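Below: one structure, written as structure tokens.
Residue numbers (my numbering), protein chains in the order written: chain C, 433 to 629; chain B, 433 to 629.
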């Protein structure tokens, strides 16, 4: 259906604050004869950063997530303001979040590899996350630079085998981290398969 | 922080319909001294089903997703009504969605393997998805049984190498599908790594 006809016929705002906006839209889709009414949550896009050390370890943070009332191990991430779509600006957000949340930064001659993006829950929200691999990373001289709002309890480097085990055992259980691990694995940048079957 | 103290001090509903509810809660977390105000979207939990044929292919559907105004290839999925947490009931939802969305069903002596769950975007929503592997599957005698509301344009079986390529090239780009592929790969149930590096 690429090139098909999508058209928003009407849009009524139901709620908005600085975190999200809820609208009910009437939308004509390419695949159906009649428009459909849909409740949509608009959210800022985000960056998700896999930070890899020189010896192939991945940096995870342990963060309190209020909507689920749990603290979970996950990749560094952060929101992009103003729906900025400029690739260089998005990369700079990724580098800033890397530093702020993990206290690591790209080493000299390190690279930030763009790994595309994903939709967190396209049945109800347009939220998307841009994936990046930063490698190699090294600790910043001055440690993490966490904003007041951050709820990061811990930060550690994990081997790929530890990451694999955490995914298998449901300890890694957020879309950002599972999603970037799938993308990395598919490109041969991280092994999450068991060594022996 | 397991065993820590989470407490919702107050909760104010901002919006609700049959699809989602928005609240602003004041929440005491284990890791911070003072309560925080947070905008939370409550959503029904979901099931996500990887359907594998006897020859190891995976069934994907191509579905119109109104919030992103795109049709994407993804795993079958569906919502669980009434926040049912009974494992048998959740499995039955998975089997029903498998049949309705793909037109496949478990073969005789097939198994439905529970693969844990994930959170789609725990920074703003409590939505979770339960992962299942159904194998082997076979076409139903009477084809898919799609509800009026479904927007499924196509359904096909893909080899694991095709799945790998689609993940690597951003063609697979939703959290459900990326997440379950990571979980499957970590348990040695699906290979998404390139054969040669």
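Quick reminder that beta carbons are idealized off the backbone N, C-alpha and C, glycines included.
As the structure is a computational prediction, the values presented were derived from the model and not from experiment.
The straight-line gap separating the alpha-carbon atoms of residue 612 of chain C and residue 627 of chain B is approximately 19 angstroms.
As computed with DSSP, residue 561 of chain C is found in a beta bridge with C:478 and C:550. Annotation for residue 609 of chain B: the continuous alpha helix (DSSP H) segment containing it runs 607-618. In terms of Cα proximity to residue 470 of chain C, the closest of C:444, C:480 and C:488 is C:444.
In the DSSP assignment, residue 440 of chain B falls within the unbroken beta strand (DSSP E) covering 439-448.
Each residue's CA atom was taken as its position, placing residue 585 of chain B and residue 576 of chain B some 12 angstroms apart. When beta bridges are read from the DSSP output, residue 525 of chain C appears opposite no residue. Only buried fits residue 534 of chain C, as 16 or more other CB atoms lie within 10 angstroms of its CB. Residue 465 of chain B sits exposed, since fewer than 16 C-beta atoms from the chains shown fall within 10 Å of its C-beta. By the criterion of at least three beta-carbon pairs nearer than 8 angstroms, the segment 555-567 of chain B is not in contact with the segment 562-571 of chain C.
No Cβ-Cβ contact shorter than 8 angstroms links residue 499 of chain C with residue 606 of chain B. Comparing C-alpha distances from residue 492 of chain B to each of B:599, B:516 and B:437 shows the shortest one belongs to B:599.
The C-beta of residue 444 of chain B comes no closer than 8 angstroms to any C-beta of chain C. Counting C-beta pairs closer than 8 angstroms gives fewer than three between the segment 537-547 of chain C and the segment 480-491 of chain B, which falls short of the contact rule. Taking the C-beta atoms as reference points, residue 455 of chain C is found no nearer than 8 angstroms to residue 441 of chain C. Between residue 613 of chain C and chain B, the shortest Cβ-Cβ separation is below 8 angstroms.
The three-state reading of DSSP puts residue 493 of chain B in strand, counting E and B together. Annotation for residue 623 of chain B: no alpha helix (DSSP H) segment contains it, and DSSP assigns it neither H nor E. Residues of chain C whose Cβ lies closer than 7 angstroms to the Cβ of residue 545 of chain B do not exist, since the nearest Cβ in that chain is about 12 angstroms away. When C:481, C:532 and C:538 are compared, the shortest CA-CA separation from residue 583 of chain C is found for C:532. CA-CA distance, residue 623 of chain C to residue 617 of chain C, rounds to 6 angstroms.
Taking the beta carbon of residue 487 of chain C as reference, no residue of chain B falls within 7 angstroms; the closest one sits roughly 18 angstroms away. Listed in chain order, the non-local C-beta contacts of residue 458 of chain C below 6 angstroms within the same chain comprise 441, 442, 467 and 469, local neighbours out to five positions each way being set aside. DSSP places residue 513 of chain B in the helix class (H, G or I) of the three-state scheme.
Here residue 526 of chain B has 479, 481 and 564 as same chain residues with Cβ atoms under 6 angstroms from its own Cβ, once five neighbours each way along the sequence are excluded. Looking at the backbone, the Cα of residue 594 of chain C and that of residue 549 of chain C are separated by about 24 angstroms. Taking the C-beta atoms as reference points, residue 496 of chain C is found no nearer than 8 angstroms to residue 509 of chain C.
Residues of the segment 515-536 of chain C whose Cβ lies closer than 8 angstroms to any Cβ of chain B: none. In the structure shown, residue 452 of chain C falls within a coil segment according to DSSP collapsed to helix, strand and coil.
Residues are counted here when their Cβ sits less than 9 angstroms from a Cβ of chain C; for the segment 453-485 of chain B these are 454, 456, 457, 459, 461, 462, 463, 464, 468, 470, 471, 472, 473, 474, 475 and 478, given in chain order. Taking C-alpha positions only, residue 514 of chain B is separated from residue 451 of chain B by approximately 12 angstroms.
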